[in-house]
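Asks: Numbering (the working numbering), first residue to last: 4 to 149. In this text, a Cβ means the ideal position worked out from N, Cα and C, and glycines have one as well. Structure provided below as structure tokens; questions to follow.
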């Protein structure tokens, strides 16, 4: 014990122990986050995954037209009935809403910014390239259907 006491009496020893303890704590949090699968970058791999996400969100939603964001963080899907579903990244998962109006849509060249009537869903800007104008025009028909 006398060696431990002598070490602790050394100036700066308590700060070194605190720093080591903090480092161990940070590493434990890192391992826990990795073990839980948190913090990874989720993307929609392809149209098939977008189709599967739409089916999970709304049973029976069978898209005939799919537009993926270039960064793969969101997607627009249309079924035969003309309903349009927006899928967006929400943390480490995806959330989906069927759009009922074009009121929350704004076009800026190849970018289409969309929001749903659900305030908790938020808004998203999708980079759809040349498809952005086509989808923006088709969203105007939503109110005619309602």
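Which whole-angstrom value describes the C-beta separation of residue 102 and residue 119, a residue pair presumed to lie in contact below a C-beta threshold of 8 Å?
Replies: The pair is a contact, with the Cβ atoms about 6 Å apart (cut-off 8 Å).
Asks: Using CA coordinates, which residue listed in 46, 126, 53, 73 is at the minimum distance from residue 67?
Replies: Per the Cα distances, 53.
Asks: Inspect the CB distances between the segment 34 to 51 and the segment 59 to 75 and report whether three or more fall short of 8 Å.
Replies: Touching, yes.
Asks: Residues in its own chain within less than 8 Å of residue 95 by CB, not counting five upstream and five downstream?
Replies: The answer, listed in chain order, is 40, 41, 42, 43, 45.
Asks: If you reduce the DSSP assignment to three classes, tell me which class residue 77 lands in.
Replies: Note: residue 77 maps to strand in three-state DSSP.
Asks: May I ask you to report which of helix, strand or coil DSSP gives residue 92?
Replies: Here residue 92 sits in strand by DSSP.
Asks: Is it right to say residue 18 is buried, meaning 16 or more other beta carbons lie within 10 angstroms of its own, or is it exposed?
Replies: Exposed, by the Cβ-count rule.
Asks: List in chain order: all unbroken beta strand (DSSP E) runs of 3+ residues lying wholly within the segment 19 to 65.
Replies: Correct list: empty.
Asks: Based on the DSSP secondary-structure assignment, which residues constitute the bridge partners of residue 100?
Replies: The partner list for residue 100 (beta bridge, DSSP) reads 89.
Asks: Closer than 7 Å by C-beta to residue 36: which residues in its own chain qualify, once you throw out the five before and the five after it? Chain order, please.
Replies: The residues are 42.
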